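Engineer:
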Amino acid sequence: MNKAPAYTPKEIMTIMAAREIKNNDIVFSGTGISMLAAMAAKKINAPDSVIFFETGAMDSLLEEIPFAVADPRIMYRAAANSSLADAFATMQNRITGDKVIAVLGAAQIDIYGNLNTTCIGDYESPRIRFPGSGGGCDVLSFVPRCIAFMQHERQKFVRKLDYLTSPGQLAGGDTRKKAGLRPGGVSIVVTNLGVMRFDKDTGRMYLDKFYPGITQDDILSNTEFKMDVSKASEADPPTETELKILREDCDPQRLILGP
Amino acid sequence: METPMDKTMPLHEAIQLYVKNGSHISIGGFTLTRNPMAAVYEIIRQNIRDLHLYAHSNGAGLDELIGAGCISKLEIAYAGIGKAAPTCIRFARAVQNKEILCEDYSNYMMSLRFMAGAMGVPFLPTLSGFGSDILTRWGFSESLRESDPKIVNKKLVVIDNPFGNWAEAEKVLLVPAINPDVTLIHVQKADSMGTCRIQGLTFADIEQAKASRNVIVTCEELVEKENLRQNPDLNQIPFLHVSAVCHVPMGAYPTAVYGYYDYDSQYLKKVGRAAKTEEAFKTYQDTYIYGVKNHSEFLNLIGKDRLRAIAADPETGYSVNMKRD
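Chains as they are written, first to last, in the numbering used here: chain A, 1 to 259; chain B, 1001 to 1325.
#1: In chain B, which residues lie with their C-beta within 7 Å of the C-beta of methionine 75(A)?
#2: With H, G and I counted as helix, E and B as strand and the rest as coil, what does DSSP make of cysteine 1219(B)?
#3: Could you list the residues in the stretch 242-254 of chain A with a C-beta less than 9 Å from some C-beta on chain B, going in chain order?
#4: I need the boundaries of the alpha helix (DSSP H) containing valine 1320(B), first residue and last residue.
#5: Is any beta-carbon of chain A found at less than 9 Å from that of glutamate 1002(B)?
#6: Do you know whose CA, among Gly113(A), Gln92(A), Glu248(A) and Ile51(A), lies nearest alanine 1167(B)'s CA?
#7: Say whether chain A places a C-beta atom closer than 9 Å to the C-beta of methionine 1115(B).
#8: So, is the C-beta of methionine 1(A) closer than 9 Å to a C-beta in chain B?
#9: Would you kindly report the start and end of the unbroken alpha helix (DSSP H) that includes tyrosine 1284(B)?
#10: Would a C-beta distance cut-off of 9 Å place alanine 1079(B) and proline 252(A) closer than the cut-off?
#11: For chain B, find out if any of its Cβ atoms is closer than 9 Å to the Cβ of asparagine 81(A); answer yes or no.
#12: At 7 Å on the CB atoms, spell out the chain A contacts of lysine 1171(B), in chain order.
#13: Runs of 4 residues minimum, wholly inside the stretch 95-173 of chain A: which ones carry the alpha helix (DSSP H) assignment?
#14: Closer than 9 Å, CB to CB, is glycine 1029(B) near chain A or not?
#15: Using a 10 Å radius around the Cβ and a threshold of 16 neighbouring Cβ atoms, would you call lysine 1304(B) buried or exposed?
#16: Could you tell me the alpha carbon to alpha carbon distance between alanine 6(A) and isoleucine 15(A), rounded to whole angstroms?
#17: Which residues mark the beginning and the end of the beta strand (DSSP E) in which threonine 1126(B) is found?
#18: State the DSSP-derived secondary structure class of methionine 13(A), mapped to helix, strand or coil.
#19: Would you say proline 9(A) faces chain B, with C-beta separation under 9 Å as the test?
#20: By alpha-carbon positions, which one of Leu1222(B), Ile1185(B) and Glu1170(B) ends up nearest to lysine 178(A)?
#21: According to the neighbour-count rule (16 or more other Cβ atoms, all chains shown, within 10 Å of its Cβ), is leucine 1263(B) buried or exposed?
#22: Check whether the Cβ atoms of glycine 180(A) and leucine 1173(B) sit closer than 9 Å, and answer yes or no.
#23: In whole angstroms, what is the alpha-carbon distance linking asparagine 45(A) and leucine 1234(B)?
#24: Give every residue of the same chain whose Cβ lies closer than 8 Å to the Cβ of valine 1095(B), excluding the five residues on either side of it in the sequence, and list them in chain order.
#25: Go through its chain and collect everything with a Cβ distance to alanine 1110(B)'s Cβ below 6 Å, but skip five positions before and after it.
#26: Less than 9 Å between the beta carbons of phenylalanine 198(A) and tyrosine 112(A), yes or no?
#27: Let me check understanding here. Comparing Cα to Cα, which of Leu161(A), Tyr211(A), Cys137(A) and His152(A) lies closest to glycine 184(A)?
#28: Roughly how many whole angstroms lie between the Cα atoms of valine 229(A) and threonine 191(A)?
#29: Measure the Cβ-Cβ separation of aspartate 1243(B) and lysine 1083(B) and say whether it is below 9 Å.
#30: For the stretch 1201-1226 of chain B, enumerate the residues whose C-beta is nearer than 9 Å to any C-beta of chain A, in chain order.
#31: Between alanine 1177(B) and cysteine 1196(B), is the Cβ-Cβ spacing less than 9 Å?
#32: Starting from proline 1086(B), find everything on chain A with Cβ-Cβ shorter than 9 Å and list it in chain order.
#33: Between the Cα of aspartate 1133(B) and those of Asp1104(B), Gln1199(B), His1012(B) and Lys1150(B), spot the shortest distance and give me the residue it belongs to.
#34: With burial defined as no fewer than 16 other Cβ atoms inside 10 Å of the residue's Cβ, what is the status of valine 1245(B): buried or exposed?
#35: Is the beta carbon of glycine 105(A) sitting closer than 9 Å to the one on histidine 152(A)?
Laid out in structure tokens, this is it:
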């Protein structure tokens, strides 16, 4: 019997997200594991995808992993180094914006894929303050597809967000459209336990894949809201080739992957 | 026509001249790149208080100013310094303890707000932010806004598209202009009149500078006017926006300047650790900011070995294979 390759939660998360990126996609990348997923997709399954950053760097070479979206490593041999105003216009503009898939992380998510990166507790006197929107609210307002990375915990998969920083399906149904937003929002959630997607009609999150060794019950007990797990099946684990490229070509120093 | 406009001056004079208690300031750069750190440290040394700070995604500069107690109000999109502090630590502490008032926007909203200021229009429209708490939750109350003529009466406004459904938008969200009293930016090259050349990403520095009543530029290299005029296509900020030019090599350290030096992740991490307690942070600022006269004394304290380790490789513009953790 072939032994399945061993991998860490971060490795399977990166590979699951990378598989969602198609050739010719324009990939908007946030920091940390989002960058690694964008780089992995380019090296594994989507060589002609284009990585860009909200700071204005388009199609960066990325010979080393950047630590932030302003890292000088994203400026080297880009197609163009411009500005924030340019980068967001590329997403707001439908001609280019509709080709963009975003990859980003958040502190809290609800069943409709709305994200909180601002605070825990009351906004006026928060218990924990997070960095804020950055470009998150803009990206989720503009582009049709978005992968969100999350740690799968009850206090992060919540019934009600403490603050709605970035719009997903708002309250489901046609509420996103009614608010004035284009079709878009989070379309895929990748966690350390599985992969979630959203029902086209209700806008609600459902479990699509659980990782080998993880059960539907594990996911339900780590989710505060009621999630449909009836359509779920086991994910294909990362292949040896995927893991080799991720480890050797994308993050050899394990700066993002960690120990 | 000769324009004898030498705006060069020592940084401490520029700060003294243009940054006052209660000033509305904006700082350039983004998280861990091209923050005007020398100018920030000088503001802290001069103990300027009650500042109103505008930025999009600032990091190191913002957290030092907040930690030193210089800021009373903040309008930003993001406060983080990469891996060293995913959320700026003194910022989070100050908001949680209600020591500062914070108004949240998104990066595009802040960029457009500076752009509107630079254009001289009261607002610009975007399709970002509908349905979010950024639109509905205000950090500055209505009464505060009414009582302070330097703060706009509303945070954001949504209106129906006045051009019908043109460009397939039923509504637009309006963001109000910002015109700071003074903007602080750090650039690679400037001449004595103030014309600037930024290499790599400009972030929103150009809009921030052009929206501002005064601009203090610190630069890696102070070059002859002729040097910049040979390739004007590469210059972004013409001199007429600039009030003061201060030659401060490594003036963005410990943040990065593309083509010159990398960020110092070790130093940023050390500051991040210190920021976690009042005492350690005070000791840190006492040693590295208040304990030195100026930026070059600060750099002496850091030492040649560290500075050599982060020197940029001329081909890539960053320090190749630098130890980062």
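C-beta: ideal position from N, C-alpha, C; glycine also. All of these numbers come straight from a predicted model, not from anything done at the bench.
Structural biologist: If we stick to the structure as given:
#1: Gly1200, Leu1201, Tyr1258 and Gly1317
#2: strand
#3: Gln253
#4: Looking at the DSSP string, valine 1320(B) is not in any alpha helix (DSSP H), and its letter there is neither H nor E.
#5: Annotation note: pLDDT 47 at glutamate 1002(B) (below 50); position unreliable, coordinate value reported separately. So no, glutamate 1002(B) is outside the interface.
#6: Gln92(A)
#7: yes
#8: In this predicted model, methionine 1(A) has a pLDDT of only 46, less than 50, meaning its place in the structure is not dependable; the value taken from the coordinates is given anyway. Output row for methionine 1(A): interface = no.
#9: 1278-1285
#10: no
#11: yes
#12: Gly180
#13: 136-142
#14: yes
#15: exposed
#16: 13 Å
#17: 1123-1126
#18: helix
#19: no
#20: Glu1170(B)
#21: Residue 1263(B) is actually tyrosine in this sequence, not leucine. Buried.
#22: yes
#23: 37 Å
#24: Cys1102
#25: It should be pointed out that residue 1110(B) corresponds to methionine in this sequence rather than to alanine. Within the same chain, methionine 1110(B) has close Cβ partners His1056 and Ala1077.
#26: yes
#27: Cys137(A)
#28: 15 Å
#29: Aspartate is not the amino acid found at residue 1243(B); the sequence shown has serine there. No, these two residues do not count as a Cβ contact at 9 Å.
#30: Leu1201, Thr1202, Phe1203, Ala1204, Asp1205, Ile1206 and Glu1207
#31: no
#32: Thr31, Gly32, Phe130 and Pro131
#33: Asp1104(B)
#34: buried
#35: no
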